[in-house]
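Sequence order for the protein chains is S and C. With the first letter of the first sequence counted as 1, position 33 gets the number 33 in this note's numbering; the numbers rise by one all the way through. Adding 141 to a residue's 1-based position in the second sequence gives its number in this note's numbering. We put the CB at the ideal spot given by N, CA and C, even for glycine. These figures come from a predicted structure and were not determined experimentally. Worksheet: the structure to be examined is printed underneath.
There are 2 protein chains.
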Amino acid sequence: MTEETREPQRHTGFLLRRAQQRHVAAWQHEVSGDITNVQYGVLAVLARRPGLAQKEIGEELDLDRSTIADVCVRMERGGMISRVQDAQDRRRNVLHLTERGRAELKRVVPLVDEVQVTLARGLTAAEHEQLRVLLGKLLGD
Amino acid sequence: MTEETREPQRHTGFLLRRAQQRHVAAWQHEVSGDITNVQYGVLAVLARRPGLAQKEIGEELDLDRSTIADVCVRMERGGMISRVQDAQDRRRNVLHLTERGRAELKRVVPLVDEVQVTLARGLTAAEHEQLRVLLGKLLGD
DNA sequence: GACTAATACTCAGTGCACTGACTATTTCAT
DNA sequence: ATGAAATAGTCAGTGCACTGAGTATTAGTC
Numbered sequence: 001m002t003e004e005t006r007e008p009q010r011h012t013g014f015l016l017r018r019a020q021q022r023h024v025a026a027w028q029h030e031v032s033g034d035i036t037n038v039q040y041g042v043l044a045v046l047a048r049r050p051g052l053a054q055k056e057i058g059e060e061l062d063l064d065r066s067t068i069a070d071v072c073v074r075m076e077r078g079g080m081i082s083r084v085q086d087a088q089d090r091r092r093n094v095l096h097l098t099e100r101g102r103a104e105l106k107r108v109v110p111l112v113d114e115v116q117v118t119l120a121r122g123l124t125a126a127e128h129e130q131l132r133v134l135l136g137k138l139l140g141d
Numbered sequence: 142m143t144e145e146t147r148e149p150q151r152h153t154g155f156l157l158r159r160a161q162q163r164h165v166a167a168w169q170h171e172v173s174g175d176i177t178n179v180q181y182g183v184l185a186v187l188a189r190r191p192g193l194a195q196k197e198i199g200e201e202l203d204l205d206r207s208t209i210a211d212v213c214v215r216m217e218r219g220g221m222i223s224r225v226q227d228a229q230d231r232r233r234n235v236l237h238l239t240e241r242g243r244a245e246l247k248r249v250v251p252l253v254d255e256v257q258v259t260l261a262r263g264l265t266a267a268e269h270e271q272l273r274v275l276l277g278k279l280l281g282d
């Protein structure tokens, strides 16, 4: 009756993985240059809330300590952010945008929406919105 | 009027990335052992279609040549598959499950559905199905 | 004030995922 | 039959993402 082995291609996780790959591909196509989607996230959060510590940025973007550390190291190396030990709490690295980081953010912002459009090319606006709602619900908001 | 910088956390791509992370986390929680979701995909495809080449498996799972090569190397090292040069076309590596691979697939199959359930805990069955439909549409099937 | 907990970060190791450059092999056109 | 194009894999390099172990610093308890 039931199939011996369900096709892995139908699983939700498989679809999510592929959709995420499409997003990365769309990003690289629309946004030229070295900056990645995750790095854009760091810039955008930091623009609103300068002086956050690595840990807090990581929480905003749902990245664990090691991952956000890696990202920050790369971004500091690329001259987009500064990382300075907090004088009040010397365990913390506080982060700020550099001029280059601010400029890069400004360059990228108008392109970001195009990436979403490209990604959702096969969906109507209503379907796209519903997809976001469902993903938000899956994530528990 | 419009915000200077839209919150990156609201973008579809951001939600997809987080949802995919949840899937990986659910997988690791439900399926103990070394096997990953992608590796399960290789096992499941190979069970139905033994003797496929790396390239073909990669196409099934939407992975590029380098990625599927890495995965296959690891799985061969782990004793789950065999990789043999095709006598007819010596460019190809043909893949087969080993006994260990077959056993591992058998172990994992019943757990896979639980992963999907865990992942979609916040959704009704109808919402879950709709999410799959929308993702399929986004991917262009 | 000293001991313990908790916190923030680093470091090493592993896996997925991509590009671009390269090798080997097969196929196709002339 | 040969030379060009296409195909399948490998290899090096980069980035995201996690775990587990370790360090330094702060905060809390006695």
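List the residues of chain S that R163(C) touches, going by C-beta distances under 8 Å, in chain order.
L138 and L139
Where E129(S) falls, given that 16 or more other Cβ within 10 Å makes a residue buried:
exposed
What do you reckon, are the CB atoms on L260(C) and T12(S) nearer than 8 Å?
yes
If you draw a straight line from the alpha carbon of L233(C) to that of D62(S), how long is it in whole angstroms?
Reading off the sequence, residue 233(C) comes out as Arg, not Leu. So the alpha carbons of these two residues sit roughly 40 Å apart.
Looking at L156(C): is its Cβ nearer than 8 Å to the Cβ of R132(S)?
yes
Using a beta-carbon distance below 8 Å, is D34(S) in contact with chain C?
no
Residues in the stretch 52-64 of chain S with C-beta within 9 Å of chain C's C-beta atoms, listed in sequence order?
E60, L61, D62 and L63
My parser needs the beta strand (DSSP E) runs of 3 or more residues fully inside the stretch 61-139 of chain S; what are they?
81-85 and 93-97
Neighbour list for H128(S) in chain C, Cβ cutoff strictly below 8 Å
T153
Return the chain-ordered list of same chain residues with a C-beta closer than 7 Å to the C-beta of K55(S), the five sequence neighbours on each side being excluded.
R65
Residue closest to L123(S), alpha-carbon to alpha-carbon, out of R231(C), T208(C) and G277(C):
G277(C)
Residue from Q21(S), W27(S), E7(S) and Q9(S) with nearest C-alpha to Q116(S):
W27(S)
In chain order, what residues of the same chain lie with their CB nearer than 8 Å to the CB of L46(S), ignoring the 5 residues before and after it?
L52, I57, I81, L95, H96, L97 and G101
Closer than 7 Å by C-beta to V108(S): which residues in its own chain qualify, once you throw out the five before and the five after it? Chain order, please.
V31, I35 and Y40
Which residues in the same chain have their Cβ closer than 8 Å to the Cβ of V38(S), if we skip the five residues on either side of it in sequence?
L61, L63 and V71
C-alpha distance - A125(S) paired with L275(C), whole-angstrom precision:
12 Å
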